[in-house]
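Trainee: Submitted below is the structure of interest, expressed as C-alpha cells.
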Amino acid sequence: MREDKNRNRIKELIHRQGMPPVPAAPPLVTEVRTDGGMILRKPPKKRRFSIGPVLVEWTYGVPLDQIEAFNKFLEKNEEFIAACCQELMEGVTYRGTFLTAGFGDVRYKTFWSYASPEAMGEWSEALKKRSKFITIMTQLRSYWTRDPGRSEMLYQEAAQVTDLAENAESKPFLQLTLAASKVKPR
Amino acid sequence: MEVCIVFTPDNPNLFTLNSTAWLVFDLCDGRSWKRLQKAYYDAVEPLRSPEEARDELMGVVSDLERKGIIERNPVVRTLRPRPGARGRKTGVASNEGR
C-alpha cells in the first residue's frame with residue numbers, strides 16, 4: 547500500500563511535468579556553500595505579441611463548491627494537456643484556463659490557439675486512440691458542458707481581414723450584411 | 002522534491018534520478034521485463050510511442066545497472082509443465098537492498 551502511494555506520487559510528478567523527461571541519473575555534484583545568496587531566476591521566455599491567427603475560447607461557470615476542485619484539476623493537468631497538444635498535433639496550442647479575478651460572475655475562459663484554420667482538424671486524429679490525454683480532455687470539457695450558459699467563440703486576427711468585400715466573396719450572407727449596412731432602415 | 006537522490010554504498014557515489022528514472026527505479030522490484038515495460042509505457046503514454054518507451058526503458062535500465070543502482074537477479078519462473086522440459090529464465094532488474 548505504502549509502495550503504491552509512493553509510486554503514484556512519482557507518476558503524478560511525471561504527469562504534472564507535462565512532457566515526460568528522458569530518464570536520467572547523472573552523478574550528483576555536491577558543493578560547499580560558504581554563504582547564502584539570492585538565486586536569480588531567468589526571465590520567462592519572450593512571447594510574441596499575438597496568441598495566434600485563430601483563437602478558440604470556451605467560457606463557462608463552475609458552481610462555487612467545485613471551484614477549488616477544478617482549480618486543482620487544472621494545476622495537476624494543464625502542463626500535460628499543453629504537452630500533448632504540442633506533441634500529438636500540429637499547430638494546436640493550449641493557452642491556459644483563466645478565472646475572473648474581479649466582481650460579478652465566476653467565469654472561466656479556456657483558450658486554444660491554432661496556427662491555421664486547418665489545424666483545427668488535427669483533433670480528429672488525436673482523439674482517435676484511447677489515451678490519458680482523451681480522459682483528461684473529457685474531464686476538462688465536462689466542466690464546460692455542465693454549464694447551461696456556456697459558450698464557445700472562434701476568433702481570427704482582425705488585421706488579416708482588411709478587405710471585407712473580398713472576404714465576403716464566398717459568403718453570400720456576409721455579402722447581404724455588407725449591403726444592408728449601406729441601407730437605411732425604413 | 003522532484004528528484005530522487007540515490008547512494009551506492011559499494012562504490013560510494015550519489016546520483017540524481019529525474020522523475021522518469023525514479024519511476025523506473027521504483028518499478029524495478031523484481032518484476033518481469035514485460036511488466037516493467039507495460040508499467041513504464043502506461044506512465045508516459047501518449048507522449049511516447051510504445052517503441053520510444055521501450056528504447057528509453059532499455060537505456061535507463063542499463064544505465065542504472067552500470068552505475069550499481071539496480072542489479073539483475075536471475076529468477077526461477079514456474080512455467081506450465083511441458084513433457085520433458087523445465088523452464089528457467091533470467092529475470093529483470095531489482096532495486097532491493099539499495
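Residue numbers (the working numbering), protein chains in the order written: chain Y, 547 to 732; chain E, 2 to 99. Using N, Cα and C, we set each Cβ at its ideal position, and we do this for glycine too.
(1) Flag I556/Y as yes if its beta-carbon sits less than 8 angstroms from any beta-carbon of chain E, otherwise no.
(2) Starting from S20/E, find everything on chain Y with Cβ-Cβ shorter than 8 angstroms and list it in chain order.
(3) With 8 angstroms as the C-beta to C-beta threshold (strictly closer), list the residues of the segment 631 to 643 of chain Y near chain E in chain order.
(4) With L58/E as the anchor, note down where its alpha helix (DSSP H) starts and where it stops.
(5) With a threshold of 7 angstroms on Cβ separation, who are the neighbours of C631/Y within its own chain once the five nearest residues in sequence on each side are excluded?
(6) Pull up the DSSP beta-bridge partners for F657/Y, would you.
(7) Just to confirm my understanding: we take D122/E, look at its own chain, exclude 5 residues before and 5 after, and list those with CB closer than 7 angstroms. What are they?
(8) Give me whichever residues DSSP pairs with I6/E in a beta bridge.
(9) Are there 16 or more other CB atoms within 10 angstroms of the CB of A54/E, so buried, or fewer, so exposed?
(10) Thinking C-alpha only, which one of G648/Y, E625/Y, G650/Y and M635/Y is nearest G642/Y?
(11) In angstroms, rounded to a whole number, what distance separates the CA positions of D56/E and I560/Y?
(12) Thinking A726/Y and L720/Y are a contact (beta carbons under 8 angstroms), I'd like their distance in whole angstroms, please.
(13) Cα separation between F649/Y and V602/Y?
(14) Are the CB atoms of A647/Y and P599/Y nearer to each other than 8 angstroms?
(15) At 7 angstroms on the CB atoms, spell out the chain Y contacts of N14/E, in chain order.
(16) Report yes if the CB atom of I46/E is closer than 8 angstroms to the CB atom of S596/Y, and no otherwise.
(17) Are the beta-carbon atoms belonging to N96/E and P567/Y less than 8 angstroms from one another?
(18) Between S670/Y and chain E, is any beta-carbon pair separated by less than 8 angstroms?
(19) Runs of 4 residues minimum, wholly inside the segment 698 to 725 of chain Y: which ones carry the alpha helix (DSSP H) assignment?
(20) In the DSSP output, what is P573/Y paired with across the bridge?
(21) What residues of chain Y sit near T32/E, judged by a beta carbon separation below 9 angstroms?
(22) So is R49/E in contact with chain Y if we call contact Cβ pairs under 8 angstroms?
(23) Restricting to Cα atoms, I'd like to know which of V729/Y, L710/Y and Y689/Y is closest to L610/Y.
(24) With a cut-off of 8 angstroms, does the C-beta of N96/E fall near any C-beta of chain Y?
Mentor: According to the data block:
(1) yes
(2) I556, L559, I560, Q563, P566 and P567
(3) E633 and L634
(4) That run of the alpha helix (DSSP H) goes P51 to R67.
(5) Annotation for C631/Y: V638, T639 and Y640 place their beta carbon closer than 7 angstroms to its own, counting only its chain and skipping 5 residues before and after.
(6) E603/Y and G642/Y
(7) Within the shown structure, residues of chain E are numbered from 2 to 99, placing residue 122/E beyond reach of any answer.
(8) T17/E
(9) buried
(10) E625/Y
(11) 18 angstroms
(12) That pair is no contact at about 10 angstroms.
(13) 24 angstroms
(14) no
(15) P573
(16) Checking the sequence, you will find Glu at residue 46/E rather than Ile. Not a contact, by the Cβ cut-off of 8 angstroms.
(17) no
(18) no
(19) Those alpha helix (DSSP H) runs which fall completely within the segment 698 to 725 of chain Y and span 4+ residues are 710 to 713.
(20) Beta-bridge partners of P573/Y (DSSP): F16/E.
(21) Before going on, a small fix: residue 32/E reads as Arg here, not Thr. Ordered by position in chain Y, no residue passes the 9 angstroms Cβ test against R32/E, which lies about 12 angstroms from the chain.
(22) yes
(23) Y689/Y
(24) no
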